[in-house]
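The structure appears right after this line, and notes come after that.
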Amino acid sequence: MLILAIDTATRQAGVALVREDEVLVEYTWSAGLRHTQHTAPMIDQALRQAGVAPDDLEGVAVTRGPGSFTGLRIGLSLAKGFAAALGIPVVAIPTLDVCAFPHFYGETPVRAVLRAGRGRYAFATYRREAPDRWRPVGEPQLARLPQLVEDVQQPMRFVGELGAQEQAVLKERGGRWVRFVPPPFNVRRPSVLAFMALERFQRGEHDDVDTLAPFYLHIPEGAS
1 MLILAIDTAT RQAGVALVRE DEVLVEYTWS AGLRHTQHTA PMIDQALRQA GVAPDDLEGV
61 AVTRGPGSFT GLRIGLSLAK GFAAALGIPV VAIPTLDVCA FPHFYGETPV RAVLRAGRGR
121 YAFATYRREA PDRWRPVGEP QLARLPQLVE DVQQPMRFVG ELGAQEQAVL KERGGRWVRF
181 VPPPFNVRRP SVLAFMALER FQRGEHDDVD TLAPFYLHIP EGAS
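Below is the structure:
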């Protein structure tokens, strides 16, 4: 199954083409606020590099939030456009799940973090419940940076959008319980999004193109 993955949830964007267990093409870049200008051309470039046509696509994967108001709308619009035009299924995956998924190993719980603006952070926590199964603990939340470690009383692996200064604050507040990964492993990969969607496609699951909508933890003032 050939899947196009589109991630425009935050300032870091990405697209990938994945066929079953093979990554054909994968791009990630710092889009800033320029998702509209960059994403469609990057999809075209990915298709050309992989030597496939849009008609060859068999499914579309997209991040559904949390994330930036405009970024999520752009990604979902593109994904829904491909699905409707080509008559192929679409699967939307929570952004924090994509952040966390590569870190589901060992026993240490994972807390995935995204910058949400105005000093706030979206986060979700995941714990291992079986050797090959992890689950989220509760719902995604918004918090200030120091609040991300207020409830931590055991080792916790923090992943996602956390720079050196943010990590220093968490380490100071959380002490010996706080764990981090090297910066390259904090990059959200669209190929991971594709593989997560593939699992749903293989179970015969997909989202309704007509009702699929972004997931926001908060709505910016003046947005509709």
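Using full-length UniProt numbering, read the sequence shown as starting at 1 and increasing by one per residue.
The beta carbon of each residue, even a glycine, is placed where N, CA and C say it ideally should be.
Nothing here was measured: the structure is a model prediction, and the numbers come from that model.
Asked: Express the C-alpha separation of Glu-26 and Gln-49 in angstroms, rounding to a whole number.; Found: 10 Å
Asked: Rounded to a whole number of angstroms, what is the C-alpha to C-alpha distance between Ala-83 and Phe-215?; Found: 19 Å
Asked: To which residues of the same chain is Glu-20 closer than 8 Å at the C-beta, ignoring the five residues directly before and after it?; Found: Met-1, Leu-198
Asked: Taking the straight line between their C-alpha atoms, what separation do you get for Thr-36 and Gln-141?; Found: 27 Å
Asked: Which complete alpha helix (DSSP H) runs does the region 153-220 hold, if anything under 4 residues is left out?; Found: 164-174, 190-202
Asked: Check each candidate in Pro-136, Val-113, Pro-102, Tyr-126 and name the one with the smallest Cα separation from Ala-143.; Found: Val-113
Asked: Using the beta-carbon count (16 or more within 10 Å), is Ala-53 buried or exposed?; Found: exposed
Asked: Can you tell me the Cα-Cα spacing of Gly-14 and Arg-118, whole angstroms?; Found: 24 Å
Asked: Considering only the beta carbon of each residue, do Val-62 and Ile-6 sit closer than 8 Å?; Found: yes
Asked: Arg-34: buried (16+ other C-beta within 10 angstroms of its C-beta) or exposed?; Found: exposed
Asked: Helix, strand or coil for Gly-117 per DSSP?; Found: strand
Asked: Buried or exposed: Val-137, going by 16 or more other Cβ atoms within 10 Å of its Cβ?; Found: exposed
Asked: Can you tell me the Cα-Cα spacing of Glu-107 and Arg-157, whole angstroms?; Found: 10 Å
Asked: What residues in its chain sit with their C-beta under 6 Å from that of Tyr-126, if we drop five residues either side in the sequence?; Found: Ala-100, Val-110, Trp-134, Pro-136
Asked: Near Gln-154, what residues of its chain come up, given a Cβ to Cβ distance below 8 Å and the 5 sequence neighbours on each side ignored?; Found: Pro-109, Trp-177
Asked: In the DSSP assignment, the alpha helix (DSSP H) including Asp-97 goes from what residue to what residue?; Found: 95-100
Asked: State the Cα-Cα distance for the pair Asp-132 and Asp-97, rounded to the nearest angstrom.; Found: 15 Å
Asked: Assuming residue 228 and Ala-122 make a contact with CB atoms under 8 Å, what is their CB distance in whole Å?; Found: Absent from the model: residue 228. The displayed extent of the chain is 1 to 224, so no value can be given.
Asked: Find out if the Cβ-Cβ distance for the pair Ala-116, Leu-217 is shorter than 8 Å.; Found: yes
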